[in-house]
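In the UniProt record's numbering, the protein residues as written are 1 to 574.
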């Protein structure tokens with residue numbers, strides 16, 4: 001029996017759209033993010049509507065304990081010659097979609113990691129680099145065909161190529177593209193090893209002769225219509241990224257990948273912010289983070305002074321009566337772009353590390369490489385300017401997100417592309433990027449994207465990666481190799497919205513104060529000595545990542561609460 005994932009779009013109907021009315025088509029989401037997993041068959045669709053705190057697809061694991069992969073689904077929307085959106089086109093309304101995808105993994109061929117603020121050295125010859133690149137080449141698929149595996153090879157320095165599968169292409173019943181990433185495993189070609197021996201990670205971010213199966217690249221589609229054999233329309237390119245699992249569901253970073261692109265495309269936006277769209281997600285998100293990070297719990301958890309969940313009414317009121325409360329919050333925000341060196345302190349928010357290394361703890365050594373302020377994260381310029389307007393009372397209240405809408409078809413066709421975009425990118429980390437989870441610091445570089453939108457006014461949003469410059473494998477090549485190294489070592493205040501630092505077990509909530517425990521309990525710790533070539537925590541992460549727990553919202557709790565579930569790794573002795 002062929003596995004079918006839970007599909008919120010099942011049984012939905014679509015408008016009749018005449019082929020003669022179509023001027024051009026576009027793929028959404030513009031950037032799709034798949035997530036790896038070791039379940040053989042089962043997977044779930046990535047979020048297609050924003051704001052879903054509850055995971056809508058059952059368990060995170062299959063019956064054998066394997067982690068389900070997150071598949072990203074791409075849709076095609078038609079526009080007329082005025083730029084007006086006509087709606088989604090697919091098999092139901094008479095269209096055939098033929099997809100082309102080209103992804104690659106180029107991590108091992110990139111610079112040794114030093115971060116965005118350091119100089120880079122790169123001296124490998126072309127032939128050597130080719131041996132370090134996993135590239136299946138362009139692959140095509142259309143509705144009704146068998147899955148297409150994405151296989152390449154990695155040779156490293158040992159002279160023998162290893163076959164590596166980066167994922168596979170499928171289609172759903174409507175002919176939409178379904179992209180699935182790899183199984184998440186990482187390996188080294190430095191063999192032979194003694195039987196049953198486990199390979200050891202040998203570098204903080206760049207283990208020589210190691211490879212993983214993360215990837216990125218472009219997505220294209222060609223559309224034909226049963227109405228006319230002469231109708232053949234091509235789209236501009238979308239982007240797909242394969243990333244690690246999101247182990248914390250319904251919890252977002254203060255600055256998401258959506259915020260990064262919003263800042264690049266709308267930096268000159270002078271309109272007043274919308275409280276429920278632009279402000280409240282950041283403020284309420286600090287409480288969510290308290291369930292995956294001990295420091296966030298101290299400042300924003302239940303009973304903490306920085307827990308603003310019960311202040312929603314006051315914070316959404318632009319009147320002068322609550323100006324002091326708004327000012328108090330705004331004054332704790334760190335200015336973007338390292339403008340204020342005096343804010344290199346953990347009392348300013350967000351309390352996350354920055355793009356140049358680990359945050360400086362209270363009483364810690366401030367003599368670090370680069371400027372101390374670069375060790376701390378901040379909101380984007382656009383986020384900060386919106387908070388300033390909010391502080392001054394210049395904002396619209398708006399409406400809370402309608403969480404009764406579970407499928408993208410529940411929204412009007414005019415906003416479906418925006419909702420698809422927000423849904424996927426709000427789940428990804430935008431800051432800090434040292435190196436990152438889904439993308440590295442290239443995500444913040446304006447030249448990564450097509451920013452000339454003079455002939456793309458119809459697109460909402462207009463976000464598109466410039467694949468004439470950004471080749472397959474470029475968006476992930478600056479990330480850790482293997483990915484588990486970063487997941488092990490960035491374990492305090494980096495990306496708790498994806499990789500939890502501290503968690504709550506349901507069994508610990510029975511009585512008294514609720515203790516936090518380490519998400520990675522049972523795995524070895526890596527020494528803080530960065531000059532060491534001994535990384536036992538990272539080596540354990542390579543072996544045991546697929547046994548760690550997920551953090552999900554408890555629907556039975558009176559207060560919003562997120563607990564660790566589905567951990568299969570045995571608890572360590574007390």
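Cβ coordinates follow ideal geometry from the N, Cα and C atoms, glycine included.
Here's the rule: buried if 16 or more other CB atoms are within 10 angstroms of the residue's CB, otherwise exposed. What is residue i?
i	result
residue 338	buried
residue 298	exposed
residue 138	exposed
residue 488	buried
residue 327	exposed
residue 474	buried
residue 334	buried
residue 305	exposed
residue 106	buried
residue 491	buried
residue 515	exposed
residue 259	buried
residue 246	buried
residue 282	buried
residue 376	buried
residue 196	Residue placement at residue 196 is flagged as unreliable, the pLDDT there being 47, under the threshold of 50; a coordinate-derived value is accordingly withheld.
residue 15	exposed
residue 435	buried
residue 348	buried
residue 127	Any reading at residue 127 must be qualified, since the residue scores a pLDDT of 49, below 50, and its modelled position is unreliable; no value is offered.
Residue i by DSSP, collapsed to three states: which one?
i	result
residue 111	coil
residue 537	helix
residue 380	coil
residue 70	strand
residue 149	strand
residue 416	helix
residue 440	coil
residue 334	coil
residue 312	helix
residue 264	helix
residue 141	strand
residue 300	helix
residue 390	helix
residue 35	strand
residue 164	strand
residue 91	helix
residue 223	strand
residue 105	strand
residue 208	coil
residue 134	strand
residue 294	helix
residue 99	strand
residue 120	Annotation note: pLDDT 49 at residue 120 (below 50); position unreliable, coordinate value reported separately. Note: residue 120 maps to coil in three-state DSSP.
Kindly indicate if chain D contains any beta-carbon less than 8 Å away from that of residue i.
i	result
residue 305	Checking the listed chains, one finds no chain D in this structure; it contains a single protein chain.
Measure the beta-carbon distance from residue i to residue j and round it to whole angstroms, keeping in mind my assumption that it falls under 8 Å.
i	j	result
residue 361	residue 341	Contact doesn't hold; Cβ gap of about 18 Å is too wide.
residue 439	residue 414	Incorrect: roughly 29 Å between the Cβ atoms, too far for contact.
residue 276	residue 398	4 Å
residue 508	residue 519	Wrong, their Cβ atoms sit about 14 Å apart, outside the cutoff.
residue 89	residue 17	6 Å
residue 177	residue 215	Actually they do not touch by this definition, with Cβ atoms about 15 Å apart.
residue 47	residue 423	4 Å
residue 256	residue 426	5 Å
Smallest Cα separation from residue i: which of the options?
i	options	result
residue 211	154, 74, 383 and 171	154
residue 34	243, 260 and 131	243
residue 466	413, 451 and 62	451
residue 208	218, 189, 214 and 226	189
residue 265	539, 130, 462 and 179	462
residue 485	390, 200 and 22	200
residue 101	292, 408, 181 and 376	181
residue 79	464, 233, 301 and 108	233
residue 559	274, 302 and 203	302
residue 576	166, 147, 109 and 148	No statement about residue 576 is possible, as the shown extent of the chain runs from 1 to 574 and does not include it.
residue 135	144, 149, 332 and 4	149
residue 156	274, 572 and 481	481
residue 145	103, 133 and 99	99
residue 173	162, 91, 423 and 159	91
residue 521	574, 534, 278 and 431	574
residue 564	240, 499, 324 and 421	499
residue 231	44, 295, 19 and 262	19
*Check whether the region 282 to 289 touches the region 390 to 406, counting contact only when three or more Cβ pairs, one atom from each stretch, lie closer than 8 Å.*
The region 282 to 289 vs the region 390 to 406: no contact.
*Would you call the region 549 to 562 and the region 243 to 251 touching, i.e. three or more CB-CB distances under 8 Å?*
Yes, the region 549 to 562 touches the region 243 to 251.
*Within the chosen definition, does the region 209 to 228 reach the region 440 to 454 through at least 3 CB pairs nearer than 8 Å?*
The region 209 to 228 makes no contact with the region 440 to 454, as fewer than three CB pairs between them are under 8 Å.
*Count the C-beta pairs between the region 31 to 45 and the region 60 to 70 that are closer than 8 Å, then say yes if the count reaches three, no if not.*
Yes: the two stretches touch, three or more of their Cβ pairs being nearer than 8 Å.
_Three CB pairs or more closer than 8 Å across the region 3 to 10 and the region 40 to 60_ = At 8 Å Cβ cutoff, the stretches touch.
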